[in-house]
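Visitor: The sequence shown begins at 159 in the working numbering and counts up one residue at a time.
We treat Cβ as the ideally placed atom computed from N, Cα and C, and that holds for glycine.
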Amino acid sequence: MTHSDLAALRGEPSYVWRAGQERRLQMLARWARLENARVLEAGGGIGMYASQIRRRFTPHVELFDIELARVLEAREEIPHALVAAAEALPYPSAYFDTVLSHEVIEHVADDRITMQEMIRVLKTGGRAVIFCPNRWYPFETHGHYWRGEYHFGNTPLINYLPDVWRNRLAPHVRAYTKRGLLRLLQGQPARVVHHSRIYGGYDNIIARLGKPARLIRDLLYKFEPTPLNTWGLSHLLVIEKL
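1) Can you list, in chain order, the residues of its chain with a C-beta nearer than 6 Å to that of residue 159? Leave out the 5 residues immediately preceding and following it.
2) Could you pull the start and end residues of the alpha helix (DSSP H) that residue 323 belongs to?
3) Excluding five sequence neighbours on each side, which residues of the same chain lie with their C-beta closer than 8 Å to the C-beta of residue 382?
4) Determine, using beta carbons only, whether residue 228 and residue 204 come nearer to each other than 8 Å.
5) For residue 304, which residues of its own chain have a beta-carbon under 8 Å away from its beta-carbon, when the five flanking residues on both sides are left out?
6) Using 8 Å as the Cβ pair cut-off and three pairs as the minimum, do the stretch 275-283 and the stretch 294-304 touch?
7) Taking the alpha-carbon of residue 222 as reference, which of 208, 183, 331 has the nearest alpha-carbon?
8) Following the continuous alpha helix (DSSP H) through residue 370, name the residue where it begins and the one where it ends.
9) Closer than 8 Å is the cut-off here; do at least three beta carbon pairs connect the stretch 329-343 with the stretch 258-276?
10) Identify, in the order they occur along the chain, each residue of the same chain with its Cβ nearer than 6 Å to the Cβ of residue 161, setting aside the five sequence neighbours on each side.
11) Is the Cβ-Cβ distance between residue 200 and residue 224 less than 8 Å?
12) Measure the Cβ-Cβ separation of residue 197 and residue 256 and say whether it is below 8 Å.
13) Count the other C-beta atoms from every protein chain shown that fall within 10 angstroms of the C-beta of residue 384, then say buried if there are 16 or more, exposed otherwise.
14) Along the chain, where does the beta strand (DSSP E) that runs through residue 284 open and close?
15) Can you name, in chain order, every residue of its own chain whose Cβ lies under 7 Å from the Cβ of residue 346, other than the five neighbours on each side?
16) Using DSSP with H/G/I as helix, E/B as strand and the rest coil, what is residue 340?
17) Any idea what DSSP makes of residue 160, helix, strand or coil?
18) May I have the straight-line CA-CA distance separating residue 233 from residue 239, to the nearest angstrom?
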């Protein structure tokens with residue numbers, strides 16, 4: 159299967175490094191320790207973020223993904239990349255300073271156990287930085303099913319439907335409200351350091367439309383510290399292990 163064949167189940171990993179990815183890496187560096195840290199990219203795809211972290215901040219970077227083909231590609235930069243499920247991490251407890259989960263938790267079989275496992279492998283005081291889809295973003299970016307056929311791409315307003323209808327159109331992926339995301343932490347030895355909603359990089363649109371699209375993107379970024387972040391593309395959740 160090609161990566162695109164896996165889009166419905168796993169989403170599409172980052173294949174190129176552009177402004178949007180760079181911005182999120184800087185958010186990671188702001189909220190969690192990277193310099194000389196032991197870092198895990200959870201569900202890292204082909205390792206775009208892990209490779210940048212390894213080149214810039216620390217040699218102690220690990221990565222896992224559930225797809226062998228992606229792991230084999232990631233090993234070109236991250237030699238110890240492993241095939242694993244997010245619900246059963248093959249790492250010792252209290253091992254990592256930082257865990258990055260970038261648009262992954264929405265695809266796993268059990269998101270509550272996945273959160274538990276990320277916290278388990280963190281050292282006390284270590285932080286997990288989690289990006290995941292915002293239910294109130296106007297588009298479902300992972301495509302949808304219609305009459306049993308999968309349609310890749312952005313679909314408007316699906317996530318605004320009641321669950322009973324939304325989950326028939328997009329049974330392959332979750333989208334989180336703030337309350338639903340924080341519910342995954344119940345009973346876990348972790349505290350919320352930061353939560354916000356952020357807008358995307360929109361690099362493809364900017365490549366096509368140029369300066370007008372860049373101005374709109376920059377305006378959306380100004381909304382992020384305000385209640386207008388309600389309609390942001392993704393949650394940015396930072397948690398710290400107690």
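Guide: Quick look at the numbers:
1) For the purposes of this step, residue 159 is taken as residue 1 along the sequence shown, with counting starting at 1. Only weak support exists for where residue 159 lies, its pLDDT of 43 falling under 50; the value from the coordinates is given anyway. If we look at residue 159 and ignore the five residues flanking it on each side, it has no Cβ neighbours.
2) Looking up residue 323 in the sequence shown gives position 165. 321-327 is the span of the alpha helix (DSSP H), which, as asked, contains residue 323.
3) Translated into positions along the sequence shown, residue 382 becomes position 224. Counting only Cβ-Cβ distances below 8 Å, and skipping sequence neighbours, we find 354, 355, 356, 357, 390.
4) The sequence position of residue 228 within the sequence shown is 70, counting from 1. The sequence position of residue 204 within the sequence shown is 46, counting from 1. Going by C-beta atoms, residue 228 is nearer than 8 Å to residue 204.
5) Here residue 304 corresponds to residue number 146 of the sequence shown, with the count starting at 1. 327.
6) no
7) Residue 222 sits at position 64 when you count from the first residue of the sequence shown. If we check each option's Cα against that of residue 222, 208 comes out closest.
8) The count along the sequence shown starts at 1 and reaches residue 370 at position 212. From DSSP, the alpha helix (DSSP H) with residue 370 extends over 369-381.
9) yes
10) As a first step, residue 161 must be located in the sequence shown, where it is residue number 3. Confidence at residue 161 is low in this model, with a pLDDT of 45, below 50, so the placement of that residue should be treated as unreliable; the coordinate-derived value is given next. Cβ neighbours of residue 161 beyond the five flanking positions: none.
11) As a first step, residue 200 is located in the sequence shown; it is residue number 42 there, counting from the start. As a first step, residue 224 is located in the sequence shown; it is residue number 66 there, counting from the start. Result no, Cβ atoms of residue 200 and residue 224 do not sit closer than 8 Å.
12) Taking the first residue of the sequence shown as 1, we reach residue 197 at position 39. Taking the first residue of the sequence shown as 1, we reach residue 256 at position 98. Yes; because the gap between Cβ atoms is below 8 Å, this pair is in contact.
13) The residue you call residue 384 lines up with position 226 of the sequence shown. Counting Cβ neighbours within 10 Å, residue 384 comes out exposed, since fewer than 16 surround it.
14) Position 126 of the sequence shown, counted from the start, is the residue given in the question as residue 284. Residue 284 -> beta strand (DSSP E) spans 280-291.
15) In the sequence shown, the residue the question calls residue 346 occupies position 188. These residues qualify, in order along the chain: 273, 274, 277.
16) Taking the first residue of the sequence shown as position 1, residue 340 is located at position 182. Correct three-state label for residue 340: helix.
17) In the sequence shown, residue 160 corresponds to position 2, counting from 1. Here residue 160 scores only 45 on pLDDT, less than 50, and its place in the model should not be relied on; the value that follows carries that caveat. Coil.
18) Position 75 of the sequence shown, counted from the first residue, corresponds to residue 233. Position 81 of the sequence shown, counted from the first residue, corresponds to residue 239. So the alpha carbons of these two residues sit roughly 6 Å apart.
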